[in-house]
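Q: For reference, the structure I am asking about is given below.
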Amino acid sequence: MSAATRVFIARLAGLAVFDPLGDQVGKVRDVVVLLRRGHIPPRVLGLVVEVQPRRRIFCPMTRVTSIEAGAVVTTGLLNMRRFEQRRGETLVLAELLDRAVTVHESGERVWVQDVAMEQERPRDWVVSRIFVKKGGGRGLRRRAETLQVDWDAVSGLSIEPTEQGTESLLATVEGLRAADLASVLHELPPRRRVQLARELDDTKLADVLEELPEVDRVGIIAGLEEERAADILEEMSPDDAADLLSELPPETAESLLALVEPSDAEDLRRLLTYDDSTAGGMMTTEPVILPPDSTVAEALARIRDHDLSPSLAAQVYVCRAPFETPTGKYLGVAHFQRLLREPPATLVSAVVDADLEPIGPEAPLAEVTRYFATYNLVALPVVDEADHLLGAVTVDDVVDHMLPDNWRHTDAGHDGDAALGRARDELAEGPHRAG
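Residue 336 in our numbering sits at position 336 of the sequence shown, and the numbers go up by one each step.
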């Protein structure tokens with residue numbers, strides 16, 4: 001198929017990027033343009049491409065050999081340094097979609113739904129057309145009129161927006177997994193990040209907050225109404241919710257806890273009493289707990305819950321009543337592989353591993369880590385001095401605490417890159433960036 005000469009940028013979101021040999025390099029996450037004064041069309045500088053592990057790099061348009069249905073093909077020579085937006089650059093999906101602009105001829109207020117870029121000559125692209133929506137803007141049930149206009153037929157693209165929705169941006173990120181959506185949110189300007197977060201449903205936003213660095217999630221929670229923020233905390237896993245509360249000012253955390261359901265608030269307050277780098281500070285208070293007279297069939301049904309992480313689903317904790325943490329007497333753990341080998345009617349008490357020593361809530365990270373390594377565990381019960389099960393620490397919690405802060409969005413060895421500038425263009429590409 002021949003390469004396209006006009007491309008609507010919203011349709012590029014998530015498109016696979018390949019090298020000349022057909023190997024996938026990453027996925028398109030945004031397009032960088034340079035808005036210029038006068039009648040000179042905005043230049044398309046390049047693509048923001050997400051490569052593994054969830055790192056965004058810059059691919060200059062001079063490295064793009066073709067854009068076809070379902071694929072972007074590059075020369076394969078890409079700088080793997082993390083993308084940092086420069087002064088004067090604009091991200092189309094993050095900053096232009098849903099922006100309110102004015103049509104020169106009629107003075108009518110319209111909303112940007114998409115932006116078209118067009119190839120003037122090989123590997124040289126400019127913004128040519130804007131796809132806009134008329135009418136009352138966002139969220140209306142009636143079908144709004146849409147039209148295409150030349151890029152210079154509207155004003156408001158190159159100034160800070162006073163009015164901007166999220167409808168089109170939401171459409172571009174629909175279907176992303178929580179970790180990938182967190183990466184998108186992290187790259188947005190703070191105001192835009194909060195805008196998009198407000199439009200996510202509670203479950204999705206809770207999952208996304210668990211994947212974001214501290215500064216981002218604190219900013220999002222601060223931008224929500226208190227009642228909504230409390231609802232989000234209830235949806236988060238208790239250990240992650242407690243971590244988030246510990247990052248907030250004490251008065252804000254206490255105000256939110258007052259709005260959380262009493263049972264959930266009690267769990268969170270208990271978690272907040274432990275140091276962050278102890279077993280108690282890392283544990284979740286919602287592992288799978290069953291009485292000893294439960295059957296293997298019942299245990300397997302519980303761990304099939306798709307909301308459980310694989311590490312939590314690997315073990316069933318057998319306890320006396322009550323069955324909410326802190327439980328009655330802890331009896332032991334039933335491993336899912338053992339459960340799979342037993343007849344469905346077998347009682348879990350018959351397959352309990354009582355030899356696995358639990359750990360105390362005050363155990364430091366180093367001790368927890370050694371325990372996991374010694375016994376090749378994916379989860380570990382946390383029990384108090386009275387043999388009450390308090391929760392469980394999972395291997396992913398341990399790894400999170402062993403890694404440096406903001407590990408999801410920081411490249412080792414490149415901490416000074418932002419201050420020094422990206423230097424992502426070859427010398428021959430400098431004039432293109434200068435516009």
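Positions of the beta carbon are idealized from the N, C-alpha and C atoms, including for glycine. Since the model is a prediction, treat every value here as computed from it, not as a measurement.
Nearest to Asp-98 by alpha carbon, out of Leu-170, Phe-83 and Glu-50?
A: Asp-98 has its Cα closest to that of Leu-170, out of Leu-170, Phe-83 and Glu-50.
Q: Go ahead and label Val-73 buried or exposed: buried means 16 or more other beta carbons lie within 10 angstroms of its beta carbon, across all protein chains shown.
A: It counts as buried.
Q: List the endpoints of the continuous beta strand (DSSP E) containing Thr-5.
A: Here Thr-5 belongs to no beta strand (DSSP E), and DSSP marks it neither H nor E.
Q: Starting from the Cα of Leu-21, find the closest Cα among Gly-76, Lys-133 and His-306 and give me that residue.
A: Comparing Cα positions, the closest option is Gly-76.
Q: Please list the terminal residues of the continuous alpha helix (DSSP H) segment that includes Arg-437.
A: The first residue shown for the chain is 1 and the last is 435, placing residue 437 beyond what the model contains.
Q: Can you give me the Cβ contacts of Leu-244 inside the same chain, cut-off strictly under 8 Å, excluding the 5 residues immediately before and after it?
A: Only Leu-209, Arg-217, Val-218, Ile-221, Leu-233 and Met-236 meet the Cβ criterion.
Q: Compare the Cα-Cα distances from Ala-16 to each of Glu-199, Gln-52, Lys-27 and Pro-190 and report the closest residue.
A: When only C-alpha atoms are compared, the closest one is Lys-27.
Q: Identify whether Arg-121 lies in helix, strand or coil by the three-state DSSP scheme.
A: It is a strand residue.
Q: Just the C-alpha distance for Arg-192 and Ala-265, rounded to the nearest angstrom, thanks.
A: Going from the Cα of Arg-192 to the Cα of Ala-265 covers about 30 Å.
Q: Per DSSP, His-335 forms a beta bridge with which residues?
A: Gln-315, per the DSSP bridge assignment.
Q: Are the Cβ atoms of Glu-286 and Pro-238 separated by less than 8 Å?
A: It is a contact, given that the beta carbons lie within the stated cut-off.
Q: So, using beta-carbon positions, are Leu-35 and Thr-102 closer together than 8 Å?
A: In this structure, Thr-102 does not lie closer than 8 Å to Leu-35 by Cβ.
Q: Measuring alpha carbon to alpha carbon, tell me which of Glu-225, Leu-212, Pro-262 and Glu-227 ends up nearest Glu-247.
A: Of the candidates Glu-225, Leu-212, Pro-262 and Glu-227, the one whose C-alpha sits nearest the C-alpha of Glu-247 is Leu-212.
Q: State the DSSP-derived secondary structure class of Gln-148, mapped to helix, strand or coil.
A: DSSP places Gln-148 in strand when its eight states are reduced to three.
Q: Taking 8 Å as the threshold (beta carbon to beta carbon), is Val-101 in contact with chain C?
A: The displayed structure is made up of one protein chain only, and chain C is not part of it.
Q: At 3 residues or longer, and completely inside the segment 33-115: list those beta strand (DSSP E) runs for me, N to C.
A: As far as the segment 33-115 is concerned, its whole beta strand (DSSP E) runs of at least 3 residues are 43-51, 55-60, 64-68, 71-74, 89-91 and 100-103.
Q: Spatial neighbours of Leu-308 within its chain, please: CB distance less than 8 Å, with the 5 preceding and 5 following residues excluded, ordered by chain position.
A: Counting only Cβ-Cβ distances below 8 Å, and skipping sequence neighbours, we find Val-288.
Q: Rounded to a whole number of angstroms, what is the C-alpha to C-alpha distance between Pro-326 and Gln-164?
A: So the two alpha carbons sit approximately 47 Å from each other.
Q: State the DSSP-derived secondary structure class of Lys-134, mapped to helix, strand or coil.
A: Coil at Lys-134, not helix or strand.
Q: Taking just the CA atoms, how far does Val-64 sit from Thr-5?
A: Roughly 12 Å between the two C-alpha positions.
Q: What residues in its chain sit with their C-beta under 8 Å from that of Val-260, if we drop five residues either side in the sequence?
A: Only Ala-230, Leu-233, Glu-234 and Leu-268 meet the Cβ criterion.
Q: Do Val-48 and Phe-58 count as a contact pair if the criterion is CB distance below 8 Å?
A: A contact, by the Cβ cut-off of 8 Å.
Q: For the beta strand (DSSP E) that Thr-203 lies in, which residues bound it at each end?
A: Per DSSP, Thr-203 belongs to no beta strand (DSSP E); it is in the alpha helix (DSSP H), 202-209.
Q: Looking at the secondary structure, which residues open and close the alpha helix (DSSP H) in which Thr-252 lies?
A: That run of the alpha helix (DSSP H) goes 250-257.
Q: Between which two residues does the beta strand (DSSP E) harbouring Ala-13 extend?
A: That residue, Ala-13, is in no beta strand (DSSP E); it is neither H nor E in DSSP.
Q: Rounded to whole angstroms, what is the Cα-Cα separation between Ala-379 and Ala-314?
A: One C-alpha to the other measures close to 8 Å.
Q: Quick check: the Cα distance between Val-398 and Gln-148, rounded to an integer number of angstroms?
A: C-alpha separation (whole angstroms): 52 Å.
Q: Considering only the alpha carbon of each residue, which of Ala-71, Ala-258, Val-110 and Ala-179 lies closest to Glu-226?
A: Checking every option, the nearest Cα to that of Glu-226 belongs to Ala-258.
Q: Taking only three categories from DSSP, how would you classify Val-393?
A: If DSSP states are grouped into helix, strand and coil, Val-393 belongs with the strands.
Q: Going by CA-CA distance only, name the one from Gly-223, Thr-284 and Glu-298 that's closest to Leu-389.
A: Looking at the Cα atoms, Thr-284 is the closest of the given residues.
Q: How far does the beta strand (DSSP E) with Pro-381 in it reach, from first residue to last?
A: Segment 379-383, the beta strand (DSSP E) holding Pro-381.
Q: Measure the beta-carbon distance from Gly-135 to Glu-120 and round it to whole angstroms, keeping in mind my assumption that it falls under 8 Å.
A: In fact, because the Cβ distance is near 33 Å, the residues do not count as touching under 8 Å.
Q: Within the continuous alpha helix (DSSP H) that includes Ser-294, where are the two ends?
A: First-last for Ser-294: undefined, no H or E at that position.
Q: Leaving out five residues before and five after Ala-178 in sequence, what residues of the same chain have Cβ atoms less than 6 Å from its Cβ?
A: Excluding sequence neighbours, Ala-178 sits near Asp-207, Val-208 and Glu-211.
Q: Measuring CB to CB, does Leu-290 end up less than 8 Å from Val-348?
A: In contact: Leu-290 and Val-348 (Cβ atoms closer than 8 Å).
Q: Between the alpha carbons of Gly-156 and Thr-252, how many angstroms are there, rounded?
A: The straight-line gap from Cα to Cα measures roughly 37 Å.
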